[in-house]
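Worksheet: the structure to be examined is printed underneath.
Chains as they are written, first to last, in my numbering: chain A, 1 to 566; chain B, 567 to 1132.
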């Protein structure tokens, strides 16, 4: 019932119910339930020719006598004997996906009737009692029995039916098991699981935060939903907690960005008295311990930001294939492994030429080298698509895991709309490397400063980011106020806290949803989230967000102003 | 360093770093850190006369040579030899609570110098290297070295310093360990850890929910922050997940209610194919597995709501002491174990008389018997206070854990402001007991219907509540619409879901903050929450909630309307 990949990983979790200290006489699945067996329990050969009862869903029905019962552990065929006239009559009218109860004798099927497509295809139940617990509507909006996938909006609208498909059971159960392994590893290594607030105040810089009106002081006061536990985890380090982690719900108002969610989950952690090397080692060992496939080698390879941009034209390269950018005097080039004569439209960008004799894509370097590199980076990915789809050359192997650390980012980046101003490349709490501390004193050197920020990239996706933090109040204040010109009054509490013997500290956050989407090979992160919203932030099942009554707004001293937003 | 109670519980968690498969040569505390040892590592006798280095905080300093270094694992004295002239000069000016590094030789102290008040009072470090990593301001707003507690607002304002006190380290670490045990138990029993959204839509009835404005569709659309995962967990059961749990963050806008928090944490769970008995047994075994003290007997005692009110005048009685209410014809009475002649003002309520000859408090039953019982229930608690405080009679023993199930609540309760209308006693998803299903058909019988709701009470506090749910769409619709007159359009998705073969299911939620406050014997739940808000919803450290810029409100098509709220 489960794919091979997940099977390798789940057994310990899924079967642990058989190794518990349960006092139950028959099966652990009866613990805390009036249900006697799960389907998977029936593989126990001692149950053959014994009376068993099951609760589940009617997966399939043929005429008035043959049915298949499903629960999350598997499928089992059952037969209503001709003597059960009344039950057969009811059964005949029972829609699939109805919740049913059966009791009967577990039998081996005759050799010729064995269904090799079913795990328990050699067994069947000769029913002695049959009940419909809760009938299902006769027409289903989506097909739950097949692997076939309905369109996504139907799946989201009827998520509870979508959950009944094997693949969704597998994904959500895998998520639970994966998080359990992460926790186990971190707790074993003395990390403390600490919940931090979601209702907080605006953090200057960074993503747009949702605001939450309050009734306090006749209106005008708002919480902000935390976009990450960043400040809290630093305060915990200052408080002497040394090793913190949290599977943290984070909120960002990023409606409209593809494959983002207004709320998402991070594996968030922070340590005192650590170097970048320590954090790299921690995360590498964490992933080895929790990843369902064997991770071939640690430590993971590393690239500096500069080298990464130069070779791949992106700071999150997919290194499962080469096609690296070559620097030839005034030109950038990518050498293609085959002639692309017969491909009509490969390049959208008029600046890139194709030299068929040397099988090279060429781009003349213009003033902005970074922009050129980004163009070549995009070309590299497009080229990979074409080679895979049209030429059937497998460049990006499934279940090959190319983890890669990116280091040595510039601490500051010129702002897009005013390149004379700087913003933090990561966030304003990231420390410069020690050797560049002195560059803070001269404005002209600021853009040269390298920060102690690091990203973890997996097969072309950024899956984690973190940094060693500033623990000196003076430097933190200088960067916030003098370099970034941020409104410092929002962060006075953190600046103050740094004055009370703050320890050196650093941390990282892993994007759980993205990690799971990669390891489960789903198209969207929505497929690894139980109740996701659409890319424009809607819950299609419950129709959220929705209007609220005026009295509700009055309570918060608010009114809607439909004037156009500029 | 830790209280005895917690010591019994924490060792497995706190010492697990020594049993890890770490490849570190010296100590597990060096893993993923450049710190060599924690103070607690120094109890290893093999380290005596060896060179050790530590990172921590300066807890105490005497003159220019004696100091005590603290980390979360303990305290160690160190001595700067007279040869270290320069370091002594620096040390002399180092404020306590500065973050420091020391390196030196670990020595046994001479017999006469052993400090029996310190766990490692027989040891000291003869320093060979001393560094101030980050100096602390010379004046601290609160005393972190002593058990003495500053006033709460100072503690909340400087939470990061409050964390450095042993008692706070203990509480937050205990919380982490307790949650880990809860998870371990539930995962072992096949529960799946599933995250559900915080951004959802208004649920009719129940507590006031925070609203979150969105930018969608030119304003007017709001999320609501979920007050509990109730709907999601029912949808998960309908989706075939059978056993769900979540350590769930919940939100309620209950500003101003004492010892409540706008965000709080529940151990939330739900199962398919369960009876009340199954859930009682589950929770009893869960608590036995996770409670730091031995729980003397399971199953826990049970009382029906009616009997509970009749005997204790409350639905959450503290049963560690008797003083039960007696029913004598037209009077209610509580017999006091001693004469209270000399107590001046024990009863605020003029209706209650004291009969000194029979040592009884008496109240004539008036029309509303329930009100009378509640009065006597309050008297019972007041009486207990007086007997304990003034007469030194220990009624409510510390660390005696009287768990108690309350069952058989009425399904509906007349509304306070219009007693002809009914509201749900628990919530509108609770099922009636099977025998009372037929009473739904006649309006006059509605108030007699008993629900399948249950509360768990511990020493006078409600610590959990749950129910067996309605799984029939028709009954659910009838109760929501015809009996409760709730706006059904907010719940169409759930009503629809019940039509697709929903299984019978039920669940419970434990109030984690309250449970921890009880087991850690703290006055407020704020003491077991890392970053709590005050009772009126403020974060004193960061000054949240705060004002937001008008541009922010414009983005959400909102404006503030200061008109008085009615």
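Beta carbons are placed, not taken as given, at the ideal position from N, Cα and C, and that holds for glycine.
Bear in mind the structure is a predicted one, so any value in this text is a computation, not a measurement.
Check whether the Cβ atoms of residue i and residue j lie closer than 8 Å to each other.
| i | j | result |
| --- | --- | --- |
| residue 1050 (chain B) | residue 1015 (chain B) | no |
| residue 829 (chain B) | residue 199 (chain A) | yes |
| residue 968 (chain B) | residue 868 (chain B) | no |
| residue 333 (chain A) | residue 360 (chain A) | yes |
| residue 513 (chain A) | residue 261 (chain A) | yes |
| residue 126 (chain A) | residue 100 (chain A) | no |
| residue 993 (chain B) | residue 1037 (chain B) | no |
| residue 789 (chain B) | residue 767 (chain B) | yes |
| residue 915 (chain B) | residue 941 (chain B) | yes |
| residue 834 (chain B) | residue 799 (chain B) | yes |
| residue 182 (chain A) | residue 286 (chain A) | yes |
| residue 331 (chain A) | residue 364 (chain A) | yes |
Roughly how many angstroms lie between the CA atoms of residue i and residue j, to the nearest whole one?
| i | j | result |
| --- | --- | --- |
| residue 193 (chain A) | residue 248 (chain A) | 10 Å |
| residue 280 (chain A) | residue 236 (chain A) | 21 Å |
| residue 873 (chain B) | residue 1006 (chain B) | 24 Å |
| residue 668 (chain B) | residue 489 (chain A) | 36 Å |
| residue 266 (chain A) | residue 507 (chain A) | 12 Å |
| residue 1125 (chain B) | residue 417 (chain A) | 28 Å |
| residue 1060 (chain B) | residue 769 (chain B) | 11 Å |
| residue 661 (chain B) | residue 653 (chain B) | 14 Å |
| residue 939 (chain B) | residue 950 (chain B) | 17 Å |
| residue 718 (chain B) | residue 371 (chain A) | 55 Å |
| residue 218 (chain A) | residue 556 (chain A) | 8 Å |
| residue 1136 (chain B) | residue 242 (chain A) | Nothing in the structure corresponds to residue 1136 (chain B), since chain B is present only between 567 and 1132. |
| residue 546 (chain A) | residue 786 (chain B) | 8 Å |
| residue 1008 (chain B) | residue 1043 (chain B) | 16 Å |
| residue 686 (chain B) | residue 190 (chain A) | 21 Å |
| residue 272 (chain A) | residue 388 (chain A) | 46 Å |
| residue 528 (chain A) | residue 282 (chain A) | 25 Å |
| residue 75 (chain A) | residue 124 (chain A) | 10 Å |
Could you give the DSSP three-state label for residue i: helix, strand or coil?
| i | result |
| --- | --- |
| residue 446 (chain A) | helix |
| residue 270 (chain A) | strand |
| residue 13 (chain A) | Confidence is the limiting factor: at residue 13 (chain A) the pLDDT is only 34, short of 50, which leaves the residue's position unreliable, though a coordinate-based value still follows. In this structure, residue 13 (chain A) counts as helix in the three-state DSSP scheme. |
| residue 966 (chain B) | coil |
| residue 424 (chain A) | strand |
| residue 1024 (chain B) | strand |
| residue 211 (chain A) | strand |
| residue 904 (chain B) | coil |
| residue 720 (chain B) | helix |
| residue 488 (chain A) | helix |
| residue 474 (chain A) | helix |
| residue 377 (chain A) | helix |
| residue 409 (chain A) | coil |
| residue 148 (chain A) | coil |
Whose Cβ in chain B lies nearer than 9 Å to the Cβ of residue i?
| i | result |
| --- | --- |
| residue 228 (chain A) | Going along chain B, no residue has its Cβ under 9 Å from residue 228 (chain A), so there is no contact; the nearest lies around 14 Å. |
| residue 198 (chain A) | 764, 791, 815, 817 and 829 |
| residue 430 (chain A) | Simply none; closest approach about 17 Å. |
| residue 562 (chain A) | 784, 785, 786 and 1123 |
| residue 57 (chain A) | 806, 1067 and 1069 |
Under a CB-based cut-off of 8 Å, is residue i close to chain C?
| i | result |
| --- | --- |
| residue 415 (chain A) | Of the protein chains in the structure, A and B, none is chain C. |
So which residues on chain B does residue i lean against when the C-beta distance must stay under 7 Å?
| i | result |
| --- | --- |
| residue 541 (chain A) | 1059 |
| residue 176 (chain A) | 758, 759 and 760 |
Applying a beta-carbon distance threshold of less than 8 Å, which residues of chain B neighbour residue i?
| i | result |
| --- | --- |
| residue 180 (chain A) | 749, 753 and 759 |
| residue 633 (chain A) | Examination of residue 633 (chain A) is not possible in this model, given that chain A is present from 1 through 566 alone. |
For a contact defined as C-beta to C-beta under 9 Å, what are the partners of residue i on chain A?
| i | result |
| --- | --- |
| residue 1038 (chain B) | 134 |
Name the chain A residues that come within less than 7 Å of residue i, Cβ to Cβ?
| i | result |
| --- | --- |
| residue 693 (chain B) | Ordered by position in chain A, no residue passes the 7 Å Cβ test against residue 693 (chain B), which lies about 18 Å from the chain. |
task: With a floor of 3 residues, list each beta strand (DSSP E) that falls wholly inside the stretch 52 to 116 of chain A, ordered by position along the chain.
output: 66 to 71, 74 to 79 and 99 to 108
TODO: Ignoring anything shorter than 4 residues or poking outside the stretch 854 to 887 of chain B, list the alpha helix (DSSP H) runs there in chain order.
DONE: 871 to 878
key: Whole alpha helix (DSSP H) elements within the stretch 507 to 546 of chain A, 4-residue minimum   = 512 to 519
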